[in-house]
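Sequence order for the protein chains is A and B. In this text, residue positions in the first sequence follow the working numbering: the first is 1, and each later residue adds one. In this text, residue positions in the second sequence follow the working numbering: the first is 1001, and each later residue adds one. Take a look at the structure below.
2 protein chains.
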Amino acid sequence: MTECTPPECVVLGLIARHGAMTPYELKARVQESVDYFWPIPHAQLYRIPARLAELGLLQEETERTGRRRRVFHLTAAGRTALKQWLADPHAPEPETRDPAQLKLFFADLGDAGDVVALAREQAAQHRYWLELYRSRHAELNLSDKVGLVSRARILKLAILHEQAYVDFWESLSTDPDPDPLDPAGTN
Amino acid sequence: MTECTPPECVVLGLIARHGAMTPYELKARVQESVDYFWPIPHAQLYRIPARLAELGLLQEETERTGRRRRVFHLTAAGRTALKQWLADPHAPEPETRDPAQLKLFFADLGDAGDVVALAREQAAQHRYWLELYRSRHAELNLSDKVGLVSRARILKLAILHEQAYVDFWESLSTDPDPDPLDPAGTN
DNA sequence: CTCCAATAGTATCATTGATACGGTATCGAT
DNA sequence: ATCGATACCGTATCAATGATACTATTGGAG
């Protein structure tokens, strides 16, 4: 039995945490939780549960009332698959894809002012996200018992990351040409 | 004329920087440069230049000697497309996909020791990458004139990021249960 | 001259991402 | 009661992608 892919685990995990759900509800749960560090397009949230049901990790049941939506339950096999995934401390490396970094990397092929404009824009963007994550963190409170600790931890990392971005782009926008070999700020 | 996608721009950019290339050479260039912040599977490096040639941004020429490989040249249109991309300070937001963060997020559904094991493993991994990027930065020297500054800048950001990861996972592995609402380290 | 490793490229196929489209419930206003 | 607006809910489609397996060429080493 081959391991689940990350998005599959998201589905399993959310259903394990919040109980049986329709794909539509999944969509909402994803948006309010993992979306910003693991986006999943909504069409996938219909395909993935179907596949997991084939594998016996979820069980599909059709509502009898009104709209007859498809509700997916976690099975015993699903729970053990999830636990197994969680118990394995190994994880593939993170992949970051940042178009701005690409532009920076090729900046020498463009015009002189491009870097500063890019840096300013990026600094502003990342300041915005930094504030967003900070305020989300501040809004956490003990009443959302489910996943409070998880949320807090993940936000902390997001904040550290955004801080790094802000530092980087701000310093680039104020001083675009330091000695490239100077290791300042790299230790 | 619709804008190029990021991987297309990578191809344009590398050819602009290093001159005409075969897909195979592209593969090597990608590996030594953008690979760690914008991986491109090698099969793509055969498909993308072909598409760019259709669009008139590259021009294909077949070697006359030996293996008759397909060499791709930058056209004038290609250069302006590249410049145009670089001149636009706007860039889509970065996407980070980190399976370890996912495991952390769902950690409450697993066993108690899982988090620490995960954190230790991740801390080790990221310490490794941090050192890798630091040493690559240290190895930069003025003789590789092409793209020196770009390389240095990108490495600086990578180092900041890895530093953030290391801080995060190390603190989690030594103190897995701080007050989740305590904003320490988040300002 | 032949065999190996490195080089170079192609083929295949399920999975994605993006987006457009099609139905259904709900509720207030007429 | 019914009309229409608005949210709710799901499917369909299609090209692009990722992963991997496979084929072919070449240049030495022995």
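Just so you know, even glycine gets a beta-carbon here, dropped at the ideal spot from N, CA and C.
Any C-beta of chain A under 7 Å from that of residue i
i: B:Asp1114; result: yes
i: B:Ala1076; result: no
i: B:Glu1121; result: yes
i: B:Ala943; result: No answer is possible for residue 943 of chain B: it lies beyond the span of chain B, which begins at 1001 and ends at 1187.
i: B:Leu1058; result: no
i: B:Pro1006; result: yes
Cβ shell of residue i (< 7 Å), same chain only, five flanking positions each side left out
i: A:Leu57; result: Leu12, Thr75, Ala77, Gly78, Ala81
i: B:Ala1202; result: No information on residue 1202 of chain B is available, as it lies outside the stretch 1001 to 1187 that chain B covers here.
i: A:Arg68; result: Thr62
i: B:Leu1130; result: Ile1159, Glu1162, Gln1163, Val1166
i: A:Ile40; result: Pro7, Val10, Val30
i: B:His1042; result: Lys1027
i: A:Gln44; result: Pro7
i: B:Arg1136; result: Leu1155
Beta-carbon proximity list for residue i, same chain, < 8 Å, skipping 5 on both sides
i: A:Tyr133; result: Leu155, Ala158, Ile159, Glu162
i: B:Ala1053; result: Gln1059, Glu1060, Phe1072
i: A:Leu142; result: Leu148
Closer than 7 Å to chain B by CB, residue i
i: A:Ala91; result: yes
i: A:Ala43; result: no
i: A:Ala117; result: yes
i: A:Pro176; result: no
i: A:Leu52; result: no
i: A:Lys145; result: no
i: A:Leu55; result: no
i: A:Leu130; result: no
Contacts around residue i, its chain only, beta-carbon distance under 6 Å, and the 5 residues preceding and following it disregarded
i: B:His1073; result: Ala1020, Gln1059
i: A:Ala119; result: Trp169, Leu172, Ser173
Residue i versus residue j - alpha carbon distance
i: A:Ala28; j: A:Tyr46; result: 13 Å
i: A:Arg127; j: A:Arg153; result: 20 Å
i: B:Asp1114; j: A:Gly147; result: 16 Å
i: A:Ala112; j: B:Glu1093; result: 23 Å
i: A:His18; j: A:Pro49; result: 15 Å
i: B:Phe1037; j: A:Phe105; result: 10 Å
i: B:Gln1125; j: B:Tyr1024; result: 30 Å
i: A:Asp175; j: B:Asp1088; result: 20 Å
i: A:Asp98; j: B:Arg1070; result: 30 Å
i: A:Ala138; j: A:Asp35; result: 19 Å
i: A:Thr22; j: A:Arg51; result: 14 Å
i: A:Glu3; j: A:Ala16; result: 17 Å
i: A:Pro178; j: B:Asp1177; result: 41 Å
Residue i and residue j closer than 7 Å at C-beta
i: A:Thr96; j: B:Thr1005; result: no
i: B:Leu1086; j: A:Lys103; result: yes
i: B:Ser1033; j: A:Asp108; result: no
i: A:Ala91; j: A:Gln122; result: no
i: A:Lys83; j: B:Gly1110; result: yes
i: B:Leu1140; j: A:Leu181; result: yes
Residue i CB to nearest heavy atom of the ligand MN below 6 Å
i: A:Tyr46; result: As presented, the structure is devoid of all ligands, the ligand MN included, so that no description of it is given.
message: Along the segment 17-36 of chain A, where does the CB come closer than 8 Å to a CB of chain B? Name the residues.
response: Against chain B - using a Cβ distance shorter than 8 Å - the residues of the segment 17-36 of chain A are Arg17, Ser33, Val34.
- prompt: When you check each C-beta in the segment 1094-1115 of chain B against every C-beta of chain A, which residues fall closer than 8 Å?
  reply: The segment 1094-1115 of chain B vs chain A, Cβ under 8 Å: Pro1094, Glu1095, Thr1096, Arg1097, Asp1098, Pro1099, Ala1100, Gln1101, Leu1102, Lys1103, Leu1104, Phe1105, Phe1106, Ala1107, Asp1108, Leu1109, Gly1110, Asp1111, Asp1114.
message: Counting only Cβ-Cβ distances shorter than 7 Å, please list the residues of the segment 1147-1169 of chain B near chain A, keeping chain order.
response: Within the segment 1147-1169 of chain B, the residues whose Cβ lies closer than 7 Å to some Cβ of chain A are Gly1147, Leu1148, Val1149, Ser1150, Ala1152, Arg1153, Ile1154, Lys1156, Leu1157, Ile1159, Leu1160, His1161, Ala1164, Asp1167, Phe1168, listed in chain order.
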